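All the letters of the sequence shown, read from the start, carry residue numbers 162 to 230 under this note's numbering. Below is one structure, written out as structure tokens; comments come after it.
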Amino acid sequence: MASVATCTDPWQVDTDGGVLCPGTVQVVDDTAYQTMPGLTYPEANQLIAAALFVLALAWVIRRVLRLLR
């Protein structure tokens, strides 16, 4: 189980290299980051298809602009 520590004030570095929190330390465990579900396979496929479409569109626009010069 991984945890993340946050500080209410900016972190400070001590003279020996240690990290100090002048404010209040709050510990956030990894369950707080699991509130959103991961992508399903259909959603991942849609995301990949959209990214490939954008790349193909950029390639076509670049080729058309080269031909017009």
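Even for Gly, the Cβ is constructed at its ideal location relative to N, Cα and C. In this text the structure is predicted, and so the values were computed from the model without any measurement.
Apart from the five residues just before and just after residue i, which ones in its own chain have a Cβ nearer than 6 angstroms to its Cβ?
i: G199; result: none
i: S164; result: V188, D190
i: G178; result: none
Output the distance between the C-alpha atoms of residue i and residue j, rounded to the nearest integer angstrom.
i: W172; j: T185; result: 11 angstroms
i: L181; j: C168; result: 9 angstroms
i: W220; j: P203; result: 26 angstroms
i: R265; j: Q207; result: The requested residue 265 does not occur in the structure, where the chain is confined to residues 162 to 230.
i: L229; j: A205; result: 36 angstroms
i: A212; j: T201; result: 17 angstroms
i: L239; j: I209; result: The first residue shown for the chain is 162 and the last is 230, placing residue 239 beyond what the model contains.
Give the C-beta separation of residue i and residue j to the nearest angstrom, bearing in mind that I take them to be a contact with Cβ-Cβ under 8 angstroms.
i: P183; j: D175; result: Contact flag wrong, Cβ pair sits at about 11 angstroms.
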